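Below: one structure, written as C-alpha cells.
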Amino acid sequence: IEKRGVYFSNQIDTFEKYRNVIFGTETDKNLTKFHILKGNEKYQNIPKSITNVFLSSKSSIDSRFIKDFIANSLTNENSSIKLDQVERQLRQFHEKYTDIETFIKKETQQLIELIDKKFDQVKLIKAQQTELAEKLGNNLKYAESKQDAMLGASKEKERELEDLQNLYNDQKLRTEEKQKEIREEIGYYDRTIRDSNKKLKEYQGKNIEEALVKHQQREQLQVDLNMARKEYESLTSNVQSLEMKYSSLLEGLRNERESYRNKVNSKISESFNDFNERTLLLKNENAKKEVELGAKRDEIIAEINSEYTSKQIEFNGLRSEEKVIRSTRFHDVEIRQLEAELADLHSAALKNRSEKSIKNNLIQTLQREWENAETKIKTSLSNTLSKVNNEIAKKKEEIKEIERKLSSQHDAFYGFLEKNVKDWHLTIGKVCNEEILFRSDLSPEYHAELANSLSLYGVSLNLETVEIHSKSIEEYQSEKNIRLTAIREMEDSMNQFQVANNEEKMIAADRYGKQISEYKEDVKVLSYSIELAEKRENKLVSELEEWKMKAGTEVEETIKTNKQRQNLVEEELAVLQKKKNNTLTEFNNQFDELRSFADGRLKDLKERQENEIKLLEEEREKILKDFEEKENKMNEEKEGSFTEKGVDNNQIKEIDKKIKKLNTDIKEIEQYSQLVNDYLKDKREFFDKLPENIRQKEEFVKQSNDLGTELEEASRKHNLKQMELRKEKKLLDEELTKFNSGINHFAKHFRDTPVFNKYIEVIERAEPRKTNYSIEDLCTQLLKNDSYFHEEYGTFQRFVTEFAGKFRLDNHFNFIIRHDASQSEFERFAQMLTNFLHEKKIDLSIAETATQISLVTDSIATKVKELSGQKSKIEHIITLIAEDFKKAEFEESKLIEYIKIKLEESDNKVYKLLKKVEEFKEEHGAFYGEGLFNPDFSTGGKSREVNTRAVRLLDSLRTAIKEQEQEEIRLQDLFELKFNIKEGMNETGWTHKIDSIGSTGTDILVKAIIYITLLNVFIKESSHRSSSEFKIHCIIDEVGQISAHYLKELLNFAKQRNIQMINGLPNKSGLESHYKYTYQFRKEDDGNVRIFPSIVTEVEA
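Letter by letter, the sequence shown follows residues 2 to 1102 of the numbering used here.
Printed below as a string of C-alpha cells:
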C-alpha cells in the first residue's frame, strides 16, 4: 500500500474491529469517521435483515414475520434465552429443593431415627451373633481337643481314688494293730496298777504305817531290853543264887506261859494262815473269775471302743470336712474367671468412658470452632454483599441516568443536533453541557447560512484548544455497557465470592464435619462398647450371682449332707457309748455280784476265824491270867526273900517292870513282823514299781492317743483328698457329659440349620478355648437371636425402603435402594445415611441449594435484563414505522386509506414469568436464599416470605417452560404487533395476521409497502449520511402479478425512500437482452451466493 502511495492511518487486524468501524460502534474516536452505518452494536444484523425482507413467500401479512425482522435487525443469533438451559437449572434446583424438603419433613426425620435405632440393633445382634458363633467354635474345638484327655483324666482320677482308699485302708489297719497292741499293754499296766493300789489300800487298812514305825523301833527296844537286863543282874548280884532260883522258877513259869502263849498263838496263826489261805484261794478264785470277766469285758469294750474310735474318727473327719467345706469356695474356677472377666470389663469400661468423655469434649470444641468459622464466613459474606449491593445500586442509578438521556435524546436538543448539524460535537458540543443538550423545551432552529461561522450568539470563538465535553450516542451506550459490564462483573465476582464462601463453608464443613463424624462414630462405637460391656457386665454379674448361689447351695447341700452324716455318726456314737455303758454296767453288776459272793464267803470265813480266835484268846487270857497270878505270887515270894536279904526291891521292881514292858513291846512288834515282811516284799515287787508302771501306762496311753490323732489326721486328709478327687472327677465327668451332650445337640439340632451355614467361617476359624457358656446354650441362643434378627432386620428393611421411597429415583442424595437389594446393600445404605447425618451433609446440600437459587435467579434476571434492554429500541422502531405509515397517504390514487401498527405487551407466559423473576431480583437485590429451609436461621417472617415467593416463582416458571415446549425466548417474544389497514370500505381491525384486504394486487401492494417501510426506517436509522447519499437496490420479482397502476404507485413509494427496484427473472428467457446491465446470481456448493456479470451477445435493435 505504501509503494502505491496510499495513505493509511491505522491497520485493522480483526474482523470484529472492522465490523465495529463499518457499523459505527467503534469506541476509538480516530476511527469513528470511517463508519458507513451508524447505531450501536445491535444494528450489525441490518444487512442480513435487509436481504431477507422479500424472502417471505407468504401471501398473507403476519406480524410474526415483522417481529422477526425487527428483532433480528437488533440482535444476533445468540441473543436469546435458551429455555432448555433455564429449565435444566430450574429442574436441578427443584429436584434438590424437593429432596431437601422431603429430608427435613417430620415423618422423614422419624424414619431416620427409626432406621438409626434399628440399624444399631441389627449391628448389635450381628455382633452378638458373631461373638456367640466364635464362642461356639471355641467350645466345639475345645471339646473336641479335650474330650479324650478328659476321659483319660477321669479314669486317672478314679485310679487315684482307688489308690488313695487302699493306702488309707493299709494305714488304718496298721494303726489299728498298733493300737490293739498298745491297748493290751495298757490293760496289763492297768491291772498291775489296780492290784498294787488294792494291796496298798489293804495294807493301809491294817495300819501298815504304824507297824512299820514300830518295826523300825524293835532294835532300839532290844538294846534297851539288854541294858535293863544287865542292870537287873547288877542289882541282884548279892542274891544271885536266890535270884537264880527265882529267875529259874520265873523263867520256867514264863517259858511255860510263853510256850502256852506260843501254842495258842500258833493256833491263832494257824487259824490266820488257814483263813489267809482260804481267803487267798477265794481271792484267787475270785480274781480268776474277775480276770476272765474283765477279759471278756475288755474284749467287748475294746470292740466297742474300736468301733467307737472309728466312728469318732469318722465324726471328726466329718467335722473337719465341714470346716473345709465352709472354708472352700465351690466352683472357684468359674467364679474366679467371671470375677477376672468382670475386672477386665470394669477396666475396659472405665477406659472407654474416659475416651468417650475426651471425644465428646473434642466434638464440642470442634463444633464451637465450626460455629465460629461459619459465623466468620457469614459475616464476611454479609459485609461483602452489603458493599457490592451498594456499588451495584450506584451503577444502576448511573445507568438509569444514561438510559434516561438515551430515551429522551430524539426529542431533546441533542437529537436536533444529531439530525441537523454535522460534526456538532466539535463546535456546540464543546460549550454545551449535558443538562442543556438533553433538554426538550429549547425549540431549536437550524440556520444554514450561519452553519460555517464559529460563533456563539455573535461571538466568534476559537474552540480548537477546548476539549469536547459532549458525548456521542455511542459513547453513552459504551458508558452504559461499561457500567452494565461492571455490574455483571461485580455480580459475577459476588457469585464467585458466594461460591467461594460456600466452598469455604463446605471445606469447613468437610474438615470439621469429617472430624466430628469420626469422633461421633468413635463415640458411638465407644457407647456401643460401653453398652455391650454393661450388658455383658450385667450378664456376668447375674452369672456370678448364679454361680455364687449355686456354690452356696452346693455348700449348704454338702454341709447338710455332712450334717446328716454327722448326726448319723453321732447317733451311732451315742448308741456305742450307751452300749459301752450298758456293757460296763452289766459287767460291773457281775463284778459286784462276784465280789458280793466273795465278800460273803470271806465274811463267813472271817466269822469262823474270829470265833475260833476268840475262843483261843479267851482260853489264852484265862491261862495267862493263871500264869500271871503264879508269877505274881512267885515275885512276892522273891521280894520277900530279897527283903530279908536286904536288897532294894523297889528298884529291882522298876527294872523288872521295865524289862517286862520292853518284852511286851517287842512281842507286840513281832506280831506285825509277818505283815511288815509281806508289805516290804510287796513294796519291792509292786509298790516301788507303781510310778514306773503309771508312767509306762501313760506313755502307752499317749502313744494310743497319738496313733488315734494320726489316724484321725490321716482320715481327715484322706477325706479331703478323696473329696477333692471326687470333686475333680465329678467336674471332669460333668464337663465331659456336657461336652458330649453339647456336641450331640450341635450335630442334631444346629449343624443343618441356615444359621450354621451363615456363621460357618467364624465357627471354623475360632481357636479352641473354654468359655462360660455351654454348647447347647450357645446353639439355642444363636437360633433364638437369628429369629429375632430376621424380625428386627425385616423392620429395618421396611423402614429403609419406606425412607428411600420418599425420594426420587435420581435424588441428589443418592438415597436409592432396590426392592431386591441384598442385606449388605441395606446395611451400606444405613451406614451411608449415618455418615450423612454425622458429617452434616444436609447442611452442605442446603447451602448449595441456597446458593443455587441465588445463581439461578441471578442468571435468569441477567438474561432477561439483557434481552429486555432492547425493548426501547423496538418501541422506537415501531414509532418510526407508524410515522412512516402516516406519511404514506397515497393521495393520488387513494388506493389505501391508512396502514396502522401498534405495540402491545407480550402474551408469552414463559416470558411473563421470566420478567417476574427479573422484577423479583430488582426488588430484592442480591438474593442468596438464606434460611431457605430453616425458618429459625432466617432474619424473620419477611425473609421466609421472600424465600417462599422465590421458590414458587421458579417452580411456576419450570412448569410453564415444560408446558409451553418452547426452545428459547427471543427478542420478538417480548412484544406483540397488531395491524389495522383500511382499503376503500374494507377495514381489517387490529389483528396479528391479515390474509386478505381486497384484490390480489391490493394485497401485494400493501405487503410491498410494509416491507419497503421497514427498509426505509432501518436505512434512516443506520445510515450516517443523508438518504440522498445512501441508496438501497432491491430486486422485485414476479412483476406480472401486479397491475401497471399498482406497480407505478409502488415504484414511486420506493423511490421517495431512495430504494431502487431492479427487475428479477427466475432464469434465462431472452428478456434479459432488453437490459443494458445483466447480472447472474448463483448459489455455490458451500451455500454462498456469487454475483457476476453476464455477457450479452445479442442486442435488440
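Positions of the beta carbon are idealized from the N, C-alpha and C atoms, including for glycine. Bear in mind the structure is a predicted one, so any value in this text is a computation, not a measurement.
R330 versus K158: straight-line alpha-carbon distance, rounded: Rounded to the nearest angstrom, the gap between the Cα atoms of R330 and K158 is 21 Å.
Touching by the beta-carbon criterion (3+ pairs, under 8 Å), the segment 315 to 322 and the segment 517 to 526: Short answer: they don't touch.
Cβ contact check for the segment 89 to 108 and the segment 947 to 958: 3 or more pairs under 8 Å: The segment 89 to 108 vs the segment 947 to 958: in contact.
Member of T992, T559 and N987 whose CA lies at the smallest distance from the CA of E977: Selected option, being the one with the closest Cα: T992.
Presumed contact (8 Å Cβ cut-off) between I187 and K607, rounded CB distance: The Cβ separation is near 35 Å, so there is no contact.
Sub-8 Å separation of Q122 and E793 beta-carbons: Less than 8 Å separates the beta-carbon of Q122 from that of E793.
Beta carbon of W371 nearer than 8 Å to that of A509: Yes, Cβ-Cβ distance for W371 and A509 is below 8 Å.
8 Å CB neighbourhood of N694 in its chain, flanking five on each side removed: In chain order, Y190, T193, I194 and S197 place their CB closer than 8 Å to the CB of N694, counting only its own chain and leaving out the 5 sequence neighbours on each side.
Bridge partners - I393, DSSP secondary structure assignment: When DSSP reads this structure, I393 sits in no beta bridge, so it has no partner.
N720 beta carbon near the ligand GDP (any heavy atom closer than 7 Å): This structure simply doesn't include the ligand GDP, nor any ligand for that matter.
Endpoints, alpha helix (DSSP H) assigned at M724: For M724, the uninterrupted alpha helix (DSSP H) run begins and ends at L691 to H750, by DSSP.
6 Å Cβ shell around N21 - same chain, five flanking residues per side excluded: Excluding positions up to five away in sequence, the list reads E27.
Given T584 as reference, the closest of K297, L972, E725 and N167 once Cα atoms are compared: Checking every option, the nearest Cα to that of T584 belongs to K297.
I817 (DSSP reduced to helix, strand or coil): Taken through DSSP and simplified to helix, strand or coil, I817 comes out as coil.
Nearest neighbour of D787, chosen from L213, Y760 and F804 [CA to CA]: Nearest C-alpha to D787: Y760.
Extent of the continuous beta strand (DSSP E) run through K976: One detail in the question is off: residue 976 reads as Phe in this sequence, not Lys. Counted as a single uninterrupted DSSP element, the beta strand (DSSP E) harbouring F976 occupies residues F976 to E984.
Closest residue to V756 among E398, L737, I429 and L779 (Cα-Cα distance): Nearest in C-alpha terms to V756, of all of E398, L737, I429 and L779, is L779.
Under 8 Å between C-beta atoms of E322 and L574: No, the pair does not count as a contact, with Cβ atoms beyond the cut-off.
M495, buried or exposed, once every other Cβ within 10 Å from all chains shown has been counted against 16: It is buried - the Cβ of M495 has at least 16 other Cβ atoms within 10 Å.
Span of the alpha helix (DSSP H) around R160: Note, R160: alpha helix (DSSP H), K107 to G206.
Chain-order list of residues whose beta-carbon lies under 7 Å from that of A341 (same chain, five-residue window excluded): Listed in chain order, the non-local C-beta contacts of A341 below 7 Å within the same chain number zero, local neighbours out to five positions each way being set aside.
For L91 and K379, the rounded distance between their alpha carbons: Straight-line measurement puts the Cα of L91 at about 26 Å from the Cα of K379.
Contact check, E114 vs S518, beta carbons under 8 Å: In this structure, E114 lies away from S518, with their beta-carbon atoms at least 8 Å apart.
Given 8 Å, three or more beta-carbon pairs between the segment 141 to 160 and the segment 702 to 712: The answer is no - the segment 702 to 712 does not touch the segment 141 to 160, with fewer than three Cβ pairs under 8 Å.
E257 vs F628 beta-carbon contact at 8 Å: With a cutoff of 8 Å on beta-carbon distance, E257 and F628 are scored as near each other.
Sequence-distant residues of the same chain with beta carbon closer than 7 Å to T176, five excluded per side: The answer, listed in chain order, is L708, E711 and L712.
Three-state secondary structure (DSSP) of T754: In the structure shown, T754 sits in coil (DSSP, three-state: anything other than H, G, I, E or B).
Sequence-distant residues of the same chain with beta carbon closer than 7 Å to K1, five excluded per side: Residue 1 lies beyond the stretch modelled for the chain, which goes from 2 to 1102, so this question has no answer here.
First and last residue of the uninterrupted alpha helix (DSSP H) at L972: No alpha helix (DSSP H) holds L972; DSSP gives it neither H nor E.
Residue span of the beta strand (DSSP E) that contains Q824, given as start and end: For Q824, no beta strand (DSSP E) segment is defined; the enclosing uninterrupted segment is the alpha helix (DSSP H) at Q824 to H839.
Supposed close pair L958, V918 - CB separation, criterion 8 Å: The beta carbons of L958 and V918 sit about 6 Å from each other, so the pair counts as a contact at 8 Å.
DSSP three-state assignment for Q1081, whether helix, strand or coil: In the displayed model, Q1081 falls within a strand according to three-state DSSP.
Bridge partner(s) assigned by DSSP for D908: Paired residues: none, contrary to the question.
Residue burial classification, I209 (beta-carbon count within 10 angstroms, cutoff 16): I209 should be labelled buried.
Paired residues, beta bridge with K903 - DSSP: Per DSSP, K979.
Given H332 as reference, the closest of K739, L732 and I560 once Cα atoms are compared: Looking at the Cα atoms, L732 is the closest of the given residues.
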